[in-house]
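The structure appears below as C-alpha cells.
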Amino acid sequence: MDLCSGLFYLLTGEQYESSRSTRRITFDLFILVISRQPQKPRDEQVLRHLQKPVGYRQRASKNTLSDNPGFAFVPDIGHATKVMKKPNFYSSQGFDRLDRYRDDPAWLESILSSENSRLLPVWRNQHLVTHQHRPVSFPGNRDGGLLALSGELILLGSDPEGVIWLALDISHLEQPEKMLPGREAQSFRDLRIVGPLIDRHRGALLAHARAMTYWHRHHRFCGDCGSPTESTRAGHMRICGNPACQRAHHPRTDPAVIMLIHDGDYCLLGRQPSWPPGMHSTLAGFVEPGESLEDAVAREVSEEAGIRVTDIRYHSSQPWPFPSSIMLGFYARAASTDIQVDGVELESAGWFHRDQLLNSPENEQFHLPRRDSISWRLIETWMHSEQRN
Ligand SMILES: [Zn+2]
C-alpha cells in the first residue's frame with residue numbers, strides 16, 4: 002500500500018482505488034488535513050476584529066506549511082474551481098450564435114420576414130425595457146415597423162427555444178421612444194442599472210447586443226487607412242471600403258483580470274473614487290500586451306495596493322459589456338500584507354474579515370458589489386468556503 006492508499010484508507014476506512022480521480026480526492030484530503038490550523042472560536046475572531054480599525058488585519062504567520070506555494074491552497078475554493086458551478090451572469094450558455102448563416106444573405110432576409118425572429122432595439126448603449134424592467138423586443142417582420150427605422154442590424158443567434166434574435170442599433174434617432182410601437186410604459190435604460198433586475202437569459206441577450214452595437218459604433222473607420230468601413234457577415238465583421246485596403250475588422254473584447262486576494266480569514270477589498278458610496282470590491286485591471294493573465298493579476302495588485310501575491314488560481318469568466326470587456330476571475334493568496342494604495346485607481350483598500358462580510362449591513366457606509374458581477378461571485382464563493390491558511 003503506497004502513501005496515498007494508506008492515507009485514503011486511514012481517512013475513509015474504504016479500499017483505495019487506483020484511479021486519477023480517487024488519487025485527486027486523496028490528495029485533497031491529505032492537503033486538507035495538513036493545512037488545517039487550530040482555530041479560535043469564530044465569535045472571538047469577530048470580537049478581535051471589531052476592536053480594531055477597519056482595514057486592520059492580523060499579520061500572517063510565516064514559515065508554515067500553508068506558506069509553501071506547493072501546499073498553499075485551499076481545498077474548498079479549489080473544489081469550487083473543479084466543480085463548475087452555474088455560469089456567471091451575462092454568459093450566453095446554450096445560445097447558438099449561428100455562425101454558419103452569417104454569410105447567407107438570403108437566409109438572413111428570410112429570417113427578417115419570419116414570425117420566429119425578434120429584434121432588440123439598442124439606443125446609445127441602452128435597451129428598451131418596461132417599467133417593470135422587462136426587456137422589450139419586436140417581431141422580425143418587415144411590416145412590423147422597427148426595421149423601417151433603419152440602423153445597424155446584427156444577427157445575435159438562436160436561443161434554446163429556437164427563437165432567432167437580432168439587434169438593431171437606432172442610435173441615430175434623437176427621440177426613439179416616440180417612433181416605437183407600444184411606447185407606453187417603456188423607456189431606454191442602461192444595462193448597468195437594470196442588469197441585476199432581469200433574469201439571466203435576457204441579461205445575456207442584452208449584454209451581447211450592447212457589446213456588438215458598441216463595437217460597430219466605434220469601428221466606423223478603418224484603423225489602417227482611415228476610410229469608412231461597412232458591416233458584413235450579418236454584423237460580425239466590418240470591411241474597409243477603400244479598394245486599396247479592404248482590411249477586415251472583427252469584433253473585439255478586452256480582457257481584464259479581477260481577483261480576490263485572501264490571507265486566512267481576511268480578504269483584500271478596495272474602493273475606486275467613482276464607485277457608489279460605500280461600495281467595496283475586489284481589485285481588477287486590464288491585461289497589457291506581452292503579459293500572461295497571471296502576470297496581470299500580480300501586477301495590478303502590486304500597483305494598486307502594494308501587495309505581493311502567490312498561488313494564483315483561475316475561477317471563472319464573465320462577459321462585461323461596459324463597454325467591451327471579458328472579466329477573468331482569479332483567487333490569489335497574499336504574500337505580503339502592508340497595503341499602500343496608489344491613490345489613483347484606488348482611494349482606499351483594507352483587509353476584511355470573512356465574518357464581517359457575512360454580517361455586513363449593506364448600507365451606504367459599506368456594501369459589496371452588485372449581485373450580477375463576477376466580483377460578487379468571487380467574494381460570495383470565498384465567504385462561504387471553508388478555507389483557512
Ligand atoms: Zn482601410
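Positions 2 to 390 (our numbering) are the ones given, in order, by the sequence shown. Even for Gly, the Cβ is constructed at its ideal location relative to N, Cα and C.
| Check | Outcome |
| --- | --- |
| Proximity to threonine 338 [Cα-Cα], best of Leu150, Arg253, Phe353 and Leu99 | Phe353 |
| Aspartate 373 to glutamate 289 span [Cα, whole Å] | 26 Å |
| Pair within 8 Å by beta-carbon distance, serine 326 and threonine 254 | yes |
| Any 3 or more C-beta pairs closer than 8 Å across the stretch 344 to 352 and the stretch 233 to 248 | no |
| Where alanine 107 sits in the DSSP three-state scheme | helix |
| Where the alpha helix (DSSP H) containing isoleucine 375 begins and where it ends | 375 to 384 |
| Rounded straight-line distance, which links the Cα of glutamate 110 to that of valine 123 | 20 Å |
| Straight-line Cα distance separating leucine 121 from valine 164 | 12 Å |
| Cβ-heavy atom distance, cysteine 246 to ligand 1, below 7 Å | yes |
| Secondary structure of leucine 358, DSSP reduced to three states | helix |
| Isoleucine 327 - partner residues in DSSP beta bridges | Pro256 and Pro320 |
| Isoleucine 313 in three-state terms, based on DSSP | strand |
| Inter-stretch contact (C-beta, 8 Å, three-pair minimum) for the stretch 122 to 137 and the stretch 183 to 202 | yes |
| Rounded separation between histidine 385 and glutamate 162 - CA only | 35 Å |
| Cβ-heavy atom distance, serine 232 to ligand 1, below 7 Å | no |
| Host alpha helix (DSSP H) of serine 303 (start-end) | 294 to 306 |
| Any non-hydrogen atom of ligand 1 within 7 Å of asparagine 243 CB | yes |
| Identity of the residues DSSP links to alanine 208 by a beta bridge | For alanine 208, which the question treats as bridged, DSSP gives no partner whatsoever. |
| Residue burial classification, glutamine 1 (beta-carbon count within 10 angstroms, cutoff 16) | It is not possible to answer for residue 1, since the shown part of the chain is limited to 2 through 390. |
| Aspartate 104 beta carbon near ligand 1 (any heavy atom closer than 7 Å) | no |
| Whether alanine 235 touches arginine 103 by CB criterion (8 Å) | yes |
| Residues of its chain near tryptophan 383, where Cβ-Cβ distance is below 8 Å and the 5 sequence neighbours each way are ignored | Ile78, Leu261, His263, Cys268, Tyr332 and Arg355 |
| Buried or exposed (CB count within 10 angstroms, at least 16 for buried), leucine 157 | buried |
| Serine 111 beta carbon near ligand 1 (any heavy atom closer than 7 Å) | no |
| Which of helix, strand or coil DSSP assigns to tryptophan 166 | strand |
| Coarse secondary structure for leucine 30, derived from DSSP in three states | In this prediction, leucine 30 scores a pLDDT of 33, lower than 50, which makes its location untrustworthy; the coordinate-derived value is nonetheless stated afterwards. Three-state result, leucine 30: helix. |
| Cβ-Cβ distance between threonine 311 and alanine 336 below 8 Å | yes |
| Beta-carbon proximity check, alanine 205 vs phenylalanine 96, cutoff 8 Å | yes |
| Buried or exposed by the 16-neighbour rule on C-beta atoms within 10 Å, applied to asparagine 364 | exposed |
| Rounded straight-line distance, which links the Cα of leucine 358 to that of leucine 174 | 45 Å |
| Test item: CB-CB of glutamine 273 and alanine 306 under 8 Å | no |
| Phenylalanine 90 classed as buried or exposed, judged by whether at least 16 other C-beta atoms fall within 10 angstroms | buried |
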